Each structure stands twice: as structure tokens, then as C-alpha cells.
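Peer 1:
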Amino acid sequence: MDCAHYVDGARQAEAALPPLDAARLCGGGGFVWLGLFEPTPEEMESVRQAFDLHELAVEDAQDYHLRPKVEDFDASVKLVILRTARYDDDREEVDFGEISVFVGSDFVITVRQGVASELHRARARLEQKPELLALGTDAVLWAILDQVVDGYEPVVAGLEHDIEQIEATVFSGAVAPTERIYLLRREVTNFYRAAHPLLAVVNAVGKSLDEERLSPYLRDVYDRLQLINEEVSAQRDLLGTILQANIAVVSVQQANSAARQNSTMEQLTVLATIFLPLTFITGFFGQNFEWLTSHIDGFWHFMILGIGGLLIPLTALALWLRRNKAPEVDPFASTHHGQHKGEAHT
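In this text, residue positions in the sequence shown follow our numbering: the first is 101, and each later residue adds one.
Right, dumping it as C-alpha cells:
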């Protein structure tokens with residue numbers, strides 16, 4: 101993407117240098133900054149030979165990592181792997197990228213993977229500060245770390261906005277989509293895995309600095325990263341609480357629905373009970389056989405056979421319900437019994 105030779109904090113040519121020509125300038129004063137974006141294995145092999153990089157470091161830079169790290173493959177070159185992040189608010193997902201940084205005494209090679217790993221702004225910012233650029237390759241590493249942490253802040257803000265929406269929905273008594281809460285918590289967890297290990301990387305880089313004048317700048321990066329880490333941890337815990345609260349709201353709504361169904365059933369039972377005697381009388385006197393029709397010849401015969409025939413089964417039903425009625429349980433009986441038993445034991 102870009103390749104430049106810097107001497108005393110100034111870029112020596114506006115146009116990008118070919119990587120092989122830049123490699124020949126190493127050791128002649130200043131340093132070279134080579135930027136690569138998703139290079140092919142053949143391109144990485146040519147860069148490895150030109151800058152005499154360790155083959156294991158090159159293989160490590162081509163793999164995708166879940167956690168940032170820093171490794172020293174030899175005495176003069178260290179490999180720093182960083183994870184970049186960008187929040188897509190429409191999809192409510194965090195897009196991750198990766199930057200592998202080879203830092204030597206006279207060269208810096210950045211290998212970017214993914215859409216969220218742009219470094220042009222870091223190079224432009226550092227070129228506008230020649231006093232920092234003159235400090236060498238450690239200044240380049242600081243600028244890259246600073247931009248990565250700057251990119252984390254909009255991610256935290258985007259996640260916070262969506263979490264506040266869900267929180268307002270749940271704690272207002274409405275039900276939020278459980279799947280949305282779960283997926284958002286997964287994104288926060290993945291972002292935490294990218295941000296939290298970077299604290300150890302920044303700390304290790306700070307201990308290995310050759311230029312003490314860069315220490316305040318690196319401490320500023322560490323402080324901002326620590327704040328981001330605390331906010332992401334709080335977001336993850338808050339989403340867990342929101343998920344539990346949402347489940348409770350769902351349970352309450354299900355209980356209310358069941359209560360409404362029970363109320364409806366009670367009303368239907370009352371209606372059925374009202375029409376039960378009429379149904380019985382209609383069914384009893386609708387029987388068309390000779391004894392019944394020949395023995396009902398007046399009002400009192402109707403009352404005795406009809407109402408009397410209704411009272412007998414109702415009385416039997418009442419006796420059966422009374423016999424099978426569940427005994428009332430005193431919820432404090434076991435507690436009182438335990439207290440009396442304890443007092444007697446004492």
C-alpha cells in the first residue's frame with residue numbers, strides 16, 4: 101500500500117518505494133516503513149528474503165489470531181499482532197481485522213488483514229509530527245497502537261447505544277427479542293477478547309522502549325485502553341442482567357396470559373353451571389316412554405319428578421366434592437413445628 105524511507109523525521113520521497121529498493125536502504129540511516137494489505141504467500145516470501153525475517157514470524161503474520169500478542173523472534177526484530185475493530189450498527193455486529201507489525205531497528209513492516217485495519221491516517225498523522233517520527237521505529241509502533249485504540253472507542257459507543265435501547269425496552273415492562281440480547285452479548289464478548297489482552301501487549305511494548313520520550317504517549321494509550329476494557333466488562337455484565345430481566349418479563353407475561361385464560365374458563369364454567377339444570381330438565385322430560393308420560397298429569401308431579409330428580413345428583417356431587425376436598429395447608433405450620441421442636445430440645 102505504501103513504502104517510504106524516513107530520515108530525521110522526514111520522508112525522503114513522495115512516491116512509494118519498491119520493497120526491494122527500500123530493503124537496500126536499511127542500515128544507511130533512518131528507517132523504512134513498508135505497508136502491506138492482505139499479501140499473497142509469494143509476496144510475503146519476497147519480503148521475508150529482502151528484510152531477512154524469521155520464517156516462523158512470517159507464517160505467524162499470515163495466520164488469523166483471536167488475541168493480540170507480542171513475540172521476539174530474534175534479538176533485533178519483534179512481532180506485534182493487533183486486532184482492529186469496527187462496529188456495524190445496522191447489523192449490530194463488530195467487524196474485526198488484524199495488523200501484524202514487524203519492528204526492527206531500521207524498518208517497520210505492517211501486514212493488514214480485514215476491512216477494519218486501515219493505517220493511512222496513522223502514517224499521515226506521524227508525518228505531521230517530525231519530532232516524533234525522528235525517534236525511530238518505536239514511534240511508528242506507538243502511532244499504530246494509538247490508532248487501533250482510537251478505533252475501539254466508536255465500537256464501545258455503538259454497543260452502548262444498542263444496549264441502552266434494549267435496557268429501556270426491558271425495564272419498561274415490554275419484552276425485547278431474546279435472540280437480539282444474546283447476539284449482542286456475543287459481540288461484546290468477542291470485542292472484550294480483542295481489547296483486554298491488548299493491555300498486556302501495550303505494557304510489554306512500554307517496557308521495551310528504547311526512547312524514553314515516547315513513554316508518556318504510550319501511557320496515554322494504555323490509560324484509554326484500560327478505560328475501554330472496563331466499559332466493555334461492564335457492558336457484558338449488564339447484558340447478562342438484561343437477559344435475566346427479559347426472561348422474568350416473559351415469565352410474567354406468560355403468567356398473566358395463563359391468568360386471563362383461567363378467568364375465561366371460570367366464566368365459561370359459570371355459564372355451563374347456569375344452563376346445567378335447564379339441560380337436565382330438558383333431557384329428563386324429553387324422554388318419550390310410556391311411564392313418564394302417563395304419570396305426569398299435574399304441576400306437583402312435574403315438581404317432584406323434575407326438581408327432585410335434579411336435587412339427588414347435585415347432593416351426591418356435593419358430598420363427593422366434600423369428601424375429596426384437599427386439606428388446607430398452613431405455610432407456617434412447618435416453621436412453627438420446627439420452632440416448638442427446637443424449644444423443646446433446648
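Backbone N, C-alpha and C fix where the C-beta goes; we use that ideal spot for every residue, glycine too. All values reported here derive from a predicted model rather than from experimental measurement.
What three-state label does DSSP hand D188 in the structure shown?
Peer 2: Correct three-state label for D188: strand.
Peer 1: For H261, count neighbouring C-beta atoms within 10 Å of its own C-beta (all shown protein chains included) and say buried if the count is 16 or more, exposed if not.
Peer 2: exposed
Peer 1: Can you tell me which of I281, L245 and T269 puts its alpha carbon nearest to the alpha carbon of D323?
Peer 2: For the options I281, L245 and T269, the alpha carbon positioned closest to that of D323 is the one of L245.
Peer 1: Taking the alpha carbon of E218 as the point to measure from, which residue in G251, S205, T237 and V208 has its own alpha carbon closest?
Peer 2: G251
Peer 1: If you run the structure through DSSP and keep just helix, strand and coil, what is G236?
Peer 2: coil
Peer 1: Just to confirm the assignment: which complete beta strand (DSSP E) runs, minimum length 3, are found wholly within the region 143-213?
Peer 2: 169-172, 178-188, 193-203 and 207-213
Peer 1: Rounded to a whole number of angstroms, what is the C-alpha to C-alpha distance between L309 and E267?
Peer 2: Cα-Cα distance, rounded: 44 angstroms.
Peer 1: So, at 7 angstroms on beta carbons, what are the nonlocal neighbours of V302 in its own chain, with the 5 sequence-adjacent residues on each side left out?
Peer 2: So the list reads L245, L318, V321, Y322 and L325, once near-sequence residues are dropped.
Peer 1: Going by the CB atoms, is the gap between V180 and F291 shorter than 7 angstroms?
Peer 2: no
Peer 1: I'd like to know whether the C-beta atoms of A185 and A294 end up nearer to each other than 7 angstroms.
Peer 2: yes
Peer 1: At what residue ranges does the region 111-139 contain a whole run of the alpha helix (DSSP H), taking only runs of 4 or more?
Peer 2: 119-125
Peer 1: If you reduce the DSSP assignment to three classes, tell me which class A348 lands in.
Peer 2: helix
Peer 1: Quick check: L226 and L233, are their CB atoms within less than 7 angstroms of each other?
Peer 2: yes
Peer 1: When the Cβ atoms of the region 195-205 are set against those of the region 276-284, are three or more pairs found closer than 8 angstroms?
Peer 2: Touching, no.
Peer 1: Give the straight-line distance between the Cα atoms of R183 and Q335, rounded to the nearest whole angstrom.
Peer 2: 20 angstroms
Peer 1: In angstroms with no decimal places, state the Cα-to-Cα distance between T364 and A358.
Peer 2: For T364 and A358, the gap between their C-alpha atoms comes out near 10 angstroms.
Peer 1: So, under 8 angstroms CB-CB, A304 and V170 are touching, yes? Tell me the CB distance rounded to an integer number of Å.
Peer 2: 5 angstroms
Peer 1: Taking the alpha-carbon positions, what's the A433 to L368 distance?
Peer 2: Caution applies to A433, whose pLDDT of 49 falls short of 50 and renders its modelled position unreliable; the value that the coordinates give is listed next. Cα to Cα, the separation comes out at about 36 angstroms.
Peer 1: Beta strand (DSSP E) containing A274: first to last residue?
Peer 2: Premise fails: A274 is in no beta strand (DSSP E) and is neither H nor E.
Peer 1: Less than 7 angstroms between the beta carbons of A150 and S200, yes or no?
Peer 2: no
Peer 1: Taking only the alpha-carbon atoms, compute the straight-line gap between L339 and Q228 and give it to the nearest angstrom.
Peer 2: Approximately 42 angstroms, taken between the alpha carbons.
Peer 1: Mind checking who A257 pairs with in its DSSP beta bridge?
Peer 2: According to DSSP, A257 bridges with nothing at all.
Peer 1: Grouping DSSP H, G and I as helix and E and B as strand, with all else coil, what is V107?
Peer 2: When secondary structure is reduced to three states using DSSP, V107 falls in the strand class.
Peer 1: Assuming contact is defined by CB atoms lying nearer than 7 angstroms, are V270 and N346 in contact in what I supplied?
Peer 2: Cβ atoms of V270 and N346: closer than 7 angstroms.
Peer 1: Using DSSP with H/G/I as helix, E/B as strand and the rest coil, what is T435?
Peer 2: Bear in mind that the predicted position of T435 carries a pLDDT of just 45, short of 50, making it too unreliable to give a figure here.
Peer 1: Residues in its own chain within less than 6 angstroms of G306 by CB, not counting five upstream and five downstream?
Peer 2: L318
Peer 1: Taking only the alpha-carbon atoms, compute the straight-line gap between L299 and G128 and give it to the nearest angstrom.
Peer 2: Answer to the nearest angstrom: the Cα atoms are 35 angstroms apart.
Peer 1: Among the residues of its own chain, which have a CB less than 6 angstroms from the CB of I209, if the five just before and after it don't count?
Peer 2: L134 and F202
Peer 1: Looking only at its chain, what residues have a beta carbon closer than 8 angstroms to the beta carbon of P118, apart from the 5 residues adjacent to it on each side?
Peer 2: Spatial neighbours of P118 in its own chain (CB-CB distance under 8 angstroms, excluding positions within 5 residues in sequence) are listed in chain order as C103.
Peer 1: By how many angstroms is the C-alpha of R223 removed from the C-alpha of V177?
Peer 2: 21 angstroms
Peer 1: Compare the Cα-Cα distances from H220 to each of L153, Q354 and F137 and report the closest residue.
Peer 2: F137
Peer 1: What's the C-alpha gap between D190 and R124?
Peer 2: 47 angstroms
Peer 1: Tell me whether D102 sits in a helix, a strand or coil according to DSSP, three-state version.
Peer 2: The answer is strand: DSSP assigns D102 an E or B state.
Peer 1: Compare the C-alpha of R111 against each of A372, E159, R360 and E231 and name the closest.
Peer 2: Ranking A372, E159, R360 and E231 by Cα distance to R111 puts E231 first.
Peer 1: Check each candidate in Q265, R313, W242 and V332 and name the one with the smallest Cα separation from R464.
Peer 2: The structure shown does not extend to residue 464, since the chain spans only 101 to 446, so no value can be given for it.
Peer 1: Between F173, R167, V158 and V107, which has its C-alpha nearest F196's C-alpha?
Peer 2: R167
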